[in-house]
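All remarks here apply to the structure that follows.
Residue numbers (this note's numbering): 4 to 184.
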């Protein structure tokens, strides 16, 4: 009987240590939209996801047009999520209302836009901690280099690739990823 109790105690200790040491999965995140609503990443299960840190006053800002075209063409199985961020040369100084107006008026953006966050530094948003840390995502470490860096997530919530900010949203690499099952 004593051996059973010790075995049970050992099992509970190992289970507890394992359960509490695991990091959040992609589908565990909940964030605020640019319009103040709630967005639950669990709603993305079964879809490919491209996460992009955006800015309104950047040389890469015209990528909004390409991102929207890619989203319109593939929205049945691809979700593009924009995270406005002001981390690089203060190129996203606007309020939520100003950012929404800019994106809609200039690029007709319909893909989900989240509230403005920080994508690096001490105040980095939790989703970007997950995206940039192998300890969190289980795949790779990365650093957000500039506005419009792209993170590709597969249908199972696994980080697949990090794309340079200059890489076009509809590059061969992205189209190959989209066509893979």
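All C-beta atoms, glycine included, are put in the ideal place defined by N, C-alpha and C.
To the nearest angstrom, how far is it from the Cα of residue 3 to the Cα of residue 28?
One cannot answer for residue 3 here, as it falls past the ends of the chain, which runs 4 to 184.
Whole beta strand (DSSP E) runs in the stretch 74-131 with 3 or more residues, listed along the chain?
81-87
Per DSSP, which residues does residue 41 bridge with? Please list them.
As a working mapping, residue 41 is identified with position 38 in the chain shown. In the DSSP output, where bridge partners are listed per residue, residue 41 has 35.
So is residue 92 buried or exposed if we call it buried at 16+ other beta carbons inside 10 Å?
Indexing the chain shown from 1 puts residue 92 at position 89. Residue 92 should be labelled exposed.
Cβ of residue 122 less than 8 Å from any chain D Cβ?
The structure shown contains no chain D; it holds only a single protein chain.
Any idea what DSSP makes of residue 148, helix, strand or coil?
Counted from its first residue, the chain shown places residue 148 at position 145. Coil at residue 148, not helix or strand.
Would the stretch 120-135 count as touching the stretch 97-104 if we require 3 or more Cβ pairs under 8 Å?
Counting Cβ pairs under 8 Å, fewer than three are found: no touch.
Let me know the secondary structure DSSP gives residue 170 once reduced to three states.
Translated into the one-based positions of the chain shown, residue 170 becomes position 167. Correct three-state label for residue 170: coil.
Based on Cα-Cα distance, which residue from 171, 178 and 129 lies nearest to residue 44?
As a first step, residue 44 must be located in the chain shown, where it is residue number 41. Answer by Cα proximity: 129.
Could you check the C-alpha separation between residue 95 and residue 87 for me, to the nearest Å?
Within the chain shown, the letter at position 92 stands for residue 95. Within the chain shown, the letter at position 84 stands for residue 87. Roughly 7 Å separates the two Cα atoms.
Which residues mark the beginning and the end of the beta strand (DSSP E) in which residue 57 is found?
Residue numbering aside, residue 57 sits at position 54 when the chain shown is read from its first letter. From DSSP, the beta strand (DSSP E) with residue 57 extends over 51-57.
Considering only C-alpha positions, which residue in the set 156, 165 and 155 is nearest to residue 144?
Against the chain shown, residue 144 aligns to sequence position 141. When each option's Cα is compared against that of residue 144, the closest is 165.
How long is the line joining the alpha carbons of residue 109 and residue 184, rounded to whole angstroms?
What you label residue 109 is simply residue 106 of the chain shown in a count that begins at 1. What you label residue 184 is simply residue 181 of the chain shown in a count that begins at 1. Taking the straight line joining both Cα atoms gives about 34 Å.
For residue 59, is the classification buried or exposed, using 16 other Cβ atoms within 10 angstroms of its Cβ as the cut-off for buried?
For the purposes of this step, residue 59 is taken as residue 56 along the chain shown, with counting starting at 1. Buried is the call here.
When the Cα atoms are used, what is the spatial distance from residue 119 to residue 182?
In the chain shown, the residue the question calls residue 119 occupies position 116. In the chain shown, the residue the question calls residue 182 occupies position 179. Their backbone Cα atoms lie some 31 Å apart in a straight line.
Can you tell me which of the three DSSP states residue 163 falls into?
Position 160 of the chain shown, counting from 1, holds the residue named residue 163. Correct three-state label for residue 163: strand.
Count the C-beta pairs between the stretch 31-38 and the stretch 53-70 that are closer than 8 Å, then say yes if the count reaches three, no if not.
no
Just to confirm, is the Cβ distance from residue 140 to residue 168 under 8 Å?
Residue numbering aside, residue 140 sits at position 137 when the chain shown is read from its first letter. Residue numbering aside, residue 168 sits at position 165 when the chain shown is read from its first letter. In this structure, residue 168 does not lie closer than 8 Å to residue 140 by Cβ.
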